[in-house]
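> Quick note: the sequence shown uses the numbering used here, first residue 294, plus one each step.
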Amino acid sequence: MNYQGPIQSPVEKNPTAEELMTRNEPVLAPDMPLMEAMDVFLKHKISGAPVVDRGGRLLGMLSEKDCLKLLANKTYYHHLPAQTVEAYMTPAEQVQTVELNIDMQGLATLFLDNNFRKVPVMKNDRVIGQVSRRDVMRGIHKMLS
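As structure tokens, this is what we get:
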């Protein structure tokens with residue numbers, strides 16, 4: 294079934310990204326070894342993380358899918374020098390972000406229109422959290438319960 298357009302909100306006030314987002318999830322440094330980033334994903338049971346500079350500004354996003362590229366490269370080249378997060382991340386210019394005040398309806402529409410699973414939540418050009426499809430689903434479930 295194809296997505297047919299924006300969701301019509303049945304309620305006046307939807308929770309916002311600020312209310313739905315997960316705070317304090319790991320962020321990655323661009324010079325972090327890729328294997329270390331994969332360890333972070335596995336330890337925290339996350340599928341991706343923002344890559345930020347020391348000031349918390351978004352440089353890119355690294356996902357499980359990006360990490361799979363390492364396996365493909367290793368299979369093809371038989372060995373690889375140490376790789377960094379920066380070499381495999383999606384650059385910030387290509388990363389969808391949201392502001393604190395986007396509501397659940399807007400987030401649901403964004404996730405329906407795109408294939409990504411989570412987006413960084415920004416405030417004053419800094420990453421302050423992430424909101425995922427699951428966070429939105431949790432919000433919808435709570436609202437309908």
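Beta carbons: idealized from backbone N, C-alpha and C, even for Gly.
A quick note: this is a predicted structure, and the numbers were derived from the prediction, not measured.
#1: Three Cβ pairs or more, each shorter than 8 Å: is that satisfied between the region 328–337 and the region 390–409?
#2: Checking 8 Å against the spacing of the C-beta atoms, do V412 and L351 come in under that value?
#3: Assuming G422 and M314 form a contact by the criterion Cβ under 8 Å, report the distance between their Cβ atoms to the nearest whole angstrom.
#4: Any idea what DSSP makes of K306, helix, strand or coil?
#5: Thinking C-beta only, is V424 closer than 8 Å to V414?
#6: Enumerate in chain order the residues of its own chain whose CB-to-CB distance from P319 is below 6 Å, with the five nearest sequence positions on each side excluded.
#7: Along the beta strand (DSSP E) that carries Q423, what are the first and last residues, could you check?
So, from the listed chains and residues:
#1: no
#2: On the sequence shown, position 119 is the one that residue 412 refers to. On the sequence shown, position 58 is the one that residue 351 refers to. Not in contact: V412 and L351 (Cβ atoms no closer than 8 Å).
#3: As a position in the sequence shown, residue 422 is number 129, starting the count at 1. As a position in the sequence shown, residue 314 is number 21, starting the count at 1. Rounded, the Cβ-Cβ distance is 4 Å, consistent with contact.
#4: Against the sequence shown, residue 306 aligns to sequence position 13. It is coil, neither helix nor strand.
#5: Along the sequence shown, read from residue 1 onward, the residue named residue 414 stands at position 121. Along the sequence shown, read from residue 1 onward, the residue named residue 424 stands at position 131. The answer is yes: Cβ separation under 8 Å.
#6: The count along the sequence shown starts at 1 and reaches residue 319 at position 26. Leaving aside the five residues that flank P319 on each side, the residues in its chain whose CB is nearer than 6 Å to its CB run, in chain order, V333, H337 and A342.
#7: Here residue 423 refers to the residue found at position 130 of the sequence shown. Where Q423 is concerned, the enclosing beta strand (DSSP E) stretches over R419 to S425.
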